[in-house]
Amino acid sequence: MGGPHHTTTRHDTRFFFLVGWGTKRNIAETTTRNQWTMSSGGELHPHLDGGGLILSLPEDVLALISAHLRPRDLLALSAASRRLRHALSGAAADKAWLAQCRRLLPSPPHLLAWRAAAGGSSLAVCRFLHSAAPLLGALWAHQNPELGNLVAAVPGFLSVVAARAIPQDLSPRLRWAPVFELLADAHGRPAILFLHGHQPADLFPARLASLQPHANVLFLEAQTHQGEDPIAVASSSHHFPRLAFGDRRRLLDSLVAACRVTLPPDLVAAPLFARTEEDLPVLAARREAMLRLHREAAGGMVRTPEVEALLLLHAHTKKKAAPSPSDGGDRIRLRRSLSAVAGYVRNSLRQMVTRSVSANSRPQYVDTKHLPLADFLHTAESVGLSLRGARMRLSTYRAWPSMHDNRFALYKLTLQVPMPGREYAGLWGGTFGWPPGRPEDEREPRKALFFLLLSYEVDTEGKLLLIATKVLEGTHYVVHPNGSSMFIARMCEPSTEAFPWQTDGESRNVDVERGFAGEGIANGYGFRYPGSKPGSLFVLQDGQLAFVWRETGAVLTLQRLNLEELLKKGERVPALQPVPNFAYLTKSYSNVFTGFPGSSALPRYISSSPLPPVIC
């Protein structure tokens with residue numbers, strides 16, 4: 001390779017730093033091997049290394065360049081030399097890390113206030129945003145209750161706030177309840193966790209056990225600590241799931257009863273995220289108070305003897321509250337008969353298991369399905385609540401994941417990003433009936449609010465489908481299961497039907513841009529397995545969607561939602577107790593999250609036939 005050509009290559013290689021094309025190895029090799037500087041005449045001299053060339057750039061230029069890099073690119077750059085490491089971890093690189101914060105969160109609320117709360121360190125804010133990225137902007141759900149259990153993780157104040165949208169009618173303000181908050185510590189690590197409960201003043205400190213980069217399940221668990229230092233955690237994440245369901249529930253309830261802390265009275269009504277600039281001082285004070293409460297409560301860790309005492313008290317209370325035997329002779333005889341049958345079955349099973357164990361004569365054949373709660377606790381000095389974000393292999397059906405009914409967990413919903421050819425992906429909300437419901441309209445009875453997750457799939461024939469999955473409905477009593485496909489539109493098949501209405505509620509002409517053929521949900525083989533009826537999806541002016549059932553003429557109108565903005569402008573309502581507020585595992589077909597009235601009656605939009613009976 002010739003000299004002039006070789007010189008140009010080394011000059012270009014130096015700028016791999018600036019565009020992020022070089023790997024950590026390339027950066028290190030370039031910095032240590034090619035120590036050159038450029039004079040005013042354009043010649044290279046071996047006096048200044050590549051790090052020095054980068055550091056010679058103005059701060060604004062370096063910030064502009066770093067905005068096109070990833071955080072790991074800057075970390076790789078800082079590993080190239082001591083000078084670069086010192087520069088990128090010091091105050092001089094604050095603008096570069098601030099640019100990374102804007103890249104990680106394109107529209108961060110009051111980012112400069114976040115930086116002030118982090119001690120003026122943009123690096124700490126960037127570390128928090130990068131670590132909490134699996135949570136931010138995601139939608140989480142659980143199968144129960146069937147009306148909907150939708151939790152959105154949105155930015156708070158140097159924190160992530162998980163808030164549940166409550167099943168409700170269409171109204172000017174969305175009702176929501178907090179589930180948990182994840183705060184950054186002094187170094188920007190997402191380590192400070194609080195669960196919310198029924199009383200707004202009550203908080204329940206916990207810890208973030210782990211959060212995998214592509215986590216799709218959030219588990220509420222208990223973790224044990226050993227040693228004198230309460231920060232030294234002996235991970236027990238792989239032991240807690242082995243406990244029986246009843247033991248897991250009792251342990252979580254006991255920890256909740258033992259670790260409760262209370263906010264100062266002047267901060268109880270403080271917002272959880274900034275709505276205006278006036279909220280920033282009270283948010284900063286609330287954050288400082290929460291950090292202090294978490295520190296004073298040792299992260300929610302409870303000494304094991306205290307937990308064991310609470311478990312015994314819980315068992316005694318439950319035994320004392322058990323119903324007394326009936327005096328009726330028929331009931332006594334029936335109970336004795338059932339006990340005799342149960343005893344016969346139990347003895348038979350015990351004999352079979354005994355023969356199996358003795359035949360194999362190996363301890364691994366003994367039933368080890370559940371870990372005794374005493375074994376879980378006996379080696380621990382303290383126990384506390386924890387949140388674990390894991391990546392699990394989940395099967396899905398039409399964008400709805402299969403969920404365990406005995407795990408205290410929230411499951412991540414796949415939120416597709418709109419793109420050319422798939423413009424309608426995302427979260428939509430709307431009501432049944434024409435004209436479309438308006439939140440500010442007080443003249444008519446309120447309509448039930450529906451949230452639908454629209455996503456695209458390709459069927460076995462290679463045709464593109466748009467599937468609308470129900471994630472929330474505001475009726476009194478559920479009509480269709482959580483996760484049902486409200487309609488499916490075939491995007492390659494134009495509709496031959498005409499839109500039934502010419503004007504909207506304000507007598508304005510309705511312009512239909514496009515129409516697609518499809519099928520809408522109907523009462524079919526029962527509550528769990530509904531059928532479908534033909535219909536059409538219409539794209540109206542202003543980006544609204546309307547699906548019309550052909551036979552009944554019923555219509556579901558939708559518009560795209562910005563859930564984060566709706567939560568900020570919404571109304572906070574009391575939550576459940578911390579454990580069921582995180583994951584409500586009891587099968588329910590009504591609104592269990594609040595006690596306020598305001599849910600519509602059952603909509604009569606699909607079929608005139610009576611609803612199938614529901615067996616709870």
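Numbering-wise (my numbering), the sequence shown opens with residue 1 and increments by one. No residue lacks a Cβ here, since even glycine has one placed at the ideal position from N, Cα and C.
Quick one: what's residue i bridged to in DSSP?
i: Thr-379; result: Paired residue(s): none; Thr-379 is not in a bridge.
i: Lys-533; result: Gly-520
i: Asn-509; result: Thr-503
i: Asp-542; result: Note: Asp-542 sits in no beta bridge, so no partner.
i: Trp-140; result: Val-151 and Lys-412
i: Ser-590; result: Tyr-477
i: Phe-619; result: For the chain, the structure presents residues 1 to 616; residue 619 sits outside this window and is missing.
i: Arg-422; result: Met-419
i: Arg-560; result: Trp-428
i: Phe-204; result: Leu-195
i: Asp-169; result: Ala-448
i: Pro-620; result: For residue 620 there is no data in the structure shown, the boundaries of the chain being 1 and 616.
Excluding sequence positions up to five away, which residues of its chain have a Cβ less than 7 Å from the Cβ of residue i?
i: Val-261; result: Leu-203, Pro-205, Leu-293 and Ala-297
i: Leu-195; result: Phe-180, Phe-204, Ala-206, Leu-385, Pro-578 and Phe-582
i: Ile-166; result: Arg-175, Trp-176, Ala-177, Val-573, Phe-593 and Thr-594
i: Ala-390; result: Gln-212, Ala-215, Val-217 and Phe-219
i: Ala-425; result: Gln-416, Val-417, Pro-418, Leu-454, Ser-455 and Tyr-456
Quick one: measure Cβ to Cβ for residue i and residue j, integer angstroms, because I've assumed they're closer than 8 Å.
i: Leu-77; j: Cys-101; result: Wrong, their Cβ atoms sit about 17 Å apart, outside the cutoff.
i: Asp-247; j: Leu-170; result: 43 Å between Cβ atoms; not a contact.
i: Leu-558; j: Leu-452; result: 6 Å
i: Ser-402; j: Val-302; result: That pair is no contact at about 34 Å.
i: Tyr-411; j: Leu-394; result: 7 Å
i: Ala-284; j: Leu-267; result: With 8 Å as the limit, Ala-284 and Leu-267 do not qualify as a contact, their Cβ atoms being about 11 Å apart.
Can you name, in chain order, every residue of its own chain whose Cβ lies under 6 Å from the Cβ of residue i, other than the five neighbours on each side?
i: Asp-229; result: Because Asp-229 sits at a pLDDT of 47, beneath the cut-off of 50, its placement in the model cannot be relied upon, and the following sentence gives the value as read from the coordinates. Nothing meets the Cβ criterion.
i: Glu-564; result: Val-154
i: Gly-156; result: Leu-272 and Phe-273
i: Pro-281; result: none
i: Ala-244; result: His-370
i: Phe-538; result: Phe-499, Val-512, Gly-515 and Ala-546
Per DSSP, what kind of secondary structure is residue i in: helix, strand or coil?
i: Ile-65; result: helix
i: Ala-177; result: strand
i: Lys-568; result: helix
i: Asp-627; result: Given a span of 1 to 616 for the chain in the structure shown, any question on residue 627 remains unanswerable.
i: Ala-285; result: helix
i: Arg-446; result: coil
i: Asp-247; result: helix
i: Gln-223; result: strand
i: His-316; result: helix
i: Gly-299; result: helix
i: Gln-199; result: coil
i: Ser-78; result: helix
i: Thr-32; result: Residue confidence is low: Thr-32 scores 41 on pLDDT, short of 50, so the model does not pin down where it sits. Its coordinate-derived value is still stated next. Thr-32: helix per DSSP, three-state reduction.
i: Glu-493; result: strand
i: Gly-2; result: With a pLDDT of only 43 at Gly-2, under the threshold of 50, the placement of this residue in the model should not be trusted, and no figure is reported.
i: Trp-400; result: strand
i: Arg-10; result: Because the pLDDT at Arg-10 is just 40, under 50, the model does not fix this residue reliably, and the value given afterwards should be weighed accordingly. If DSSP states are grouped into helix, strand and coil, Arg-10 belongs with the helices.
i: Glu-146; result: coil
i: Pro-372; result: coil
i: Ser-386; result: strand
i: Val-579; result: helix
i: Trp-434; result: coil
i: Pro-305; result: helix
i: Leu-182; result: strand
i: Glu-457; result: strand
i: Ser-159; result: strand
i: Leu-466; result: strand
i: Cys-259; result: helix
i: Val-573; result: coil
In chain order, what residues of the same chain lie with their CB nearer than 8 Å to the CB of residue i, ignoring the 5 residues before and after it?
i: Gly-188; result: Ala-118, Ser-121, Leu-123, Ala-124, Val-125, Cys-126, Arg-127, Phe-128 and Ser-131
i: Cys-492; result: Lys-463 and Leu-464
i: Ala-67; result: Ala-99, Gln-100, Arg-102 and Arg-103
i: Leu-158; result: Trp-114, Ala-117, Ala-118, Val-125, Phe-128, Leu-183, Ala-184 and Arg-287
i: Val-458; result: Leu-464 and Leu-465
i: Pro-635; result: Since the first and last residues shown for the chain are 1 and 616, residue 635 lies out of range.
Cβ atoms of residue j and residue i: under 8 Å apart, would you say?
i: His-198; j: Leu-576; result: yes
i: Glu-473; j: Ala-448; result: yes
i: Trp-97; j: Leu-413; result: no
i: Ser-532; j: Val-548; result: no
i: Val-471; j: Leu-111; result: no
i: Trp-400; j: Gly-483; result: yes
i: His-238; j: Phe-376; result: no
i: Leu-310; j: Ser-254; result: yes
i: Thr-503; j: Val-512; result: no
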